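Residue numbers (my numbering): 95 to 365.
Backbone N, C-alpha and C fix where the C-beta goes; we use that ideal spot for every residue, glycine too.
Nothing here was measured: the structure is a model prediction, and the numbers come from that model.
Put into structure tokens, the structure is as follows:
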């Protein structure tokens, strides 16, 4: 009886030691492009935590710097005319707020918010191509390059679509430069747009690969990874630049963001 108990303890200790050694190897690996053996180690580590990967893991591993946005501003008079047409009335002296024919527009704090209580269009929200076409027209109508934006979230709830488009820079996502839309069968009911143009990059450095991030991350057991993307995000409030980050999206609609230089988790958001 005592030998049986001792054997169970030894098996547990050996298993714990193997996991510890595996994790140590992964942490101590170089920042370079991971090889097949390294990837197998990471997959084994994730499997031990019952973490499944249901997406392609990016191979991006180039040196990257922080992005700094330019001072170029959108033509706000054009934005007002596009959303509200001619005859819009500015109703607030303290805030930039306009109204016209049941529509309202607010511009401030680097955000444009549009609301329409009774849109008059007809949109088949089940036809994704048609919806995407309308949203691209909106981006283009506001003077934004439609090909710079890609759909990132697309949810239907209570007969409405909740959509986020994110801007891309050199093929990667600017997570804080986006356009949110709420679309009903009658048209666009709501839009919240954060504009931004990258001026330049600075302080380029070596980043961790996606596989290194997966190894260092403390993703909860029994999670499912549905997407992994590289991009840029403001890590600390008050910073004047966006830093390189990796985003891991889970099946429960949680987004986890990791500093691409250190692997430290910097924030999490619900999509």
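According to DSSP, which residues form a beta bridge with residue i?
| i | result |
| --- | --- |
| residue 194 | 197 |
| residue 150 | Per DSSP, none; premise fails for residue 150. |
| residue 285 | 208, 275 |
| residue 340 | 324, 352 |
| residue 61 | A question about residue 61 goes unanswered here, because the residues of the chain that appear run from 95 up to 365. |
| residue 266 | 263 |
Would residue i be called buried (16 or more neighbouring beta carbons within 10 Å of its own) or exposed?
| i | result |
| --- | --- |
| residue 222 | exposed |
| residue 336 | buried |
| residue 264 | exposed |
| residue 249 | exposed |
| residue 243 | buried |
| residue 343 | buried |
| residue 123 | Because the pLDDT at residue 123 is just 46, under 50, the model does not fix this residue reliably, and the value given afterwards should be weighed accordingly. Counting Cβ neighbours within 10 Å, residue 123 comes out buried, since at least 16 surround it. |
| residue 311 | buried |
Alpha carbons only, please: which of the options is nearest the one belonging to residue i?
| i | options | result |
| --- | --- | --- |
| residue 359 | 341, 210, 347, 365 | 341 |
| residue 339 | 285, 270, 177 | 270 |
| residue 77 | 362, 308, 312, 343 | It is not possible to answer for residue 77, since the shown part of the chain is limited to 95 through 365. |
| residue 347 | 297, 294, 247 | 247 |
| residue 151 | 365, 208, 306, 364 | 306 |
| residue 237 | 311, 168, 133 | 168 |
Beta carbon of residue i, beta carbon of residue j: below 9 Å?
| i | j | result |
| --- | --- | --- |
| residue 163 | residue 333 | no |
| residue 304 | residue 153 | yes |
| residue 299 | residue 210 | no |
| residue 219 | residue 286 | no |
| residue 254 | residue 276 | yes |
Hey, would you say the C-beta of residue i is under 8 Å away from at least one heavy atom of the ligand FAD?
| i | result |
| --- | --- |
| residue 232 | The ligand FAD is absent from the structure shown, which contains no ligand whatsoever. |
Open item on the list: I'd like to know if the stretch 323-338 and the stretch 193-206 are in contact, where contact means that at least 3 CB-CB pairs between them fall below 8 Å.
Closed with: no
TODO: Count the C-beta pairs between the stretch 246-264 and the stretch 305-318 that are closer than 8 Å, then say yes if the count reaches three, no if not.
DONE: no
Task: the stretch 268-284 in contact with the stretch 225-242 per 3-pair CB rule at 8 Å - done: Yes, they touch.
Open item on the list: For the structure I just gave you, are there three or more beta carbon pairs, one from the stretch 134-141 and one from the stretch 170-181, closer than 8 Å?
Closed with: As far as the Cβ criterion goes, the stretch 134-141 does not touch the stretch 170-181, which means the pair count is below three.
TODO: Mind the definition here: the stretch 345-356 touches the stretch 180-187 only if three or more C-beta pairs lie below 8 Å; say whether that holds.
DONE: Taking one beta carbon from each stretch, the stretch 345-356 and the stretch 180-187 have fewer than 3 pairs nearer than 8 Å; the two do not touch.
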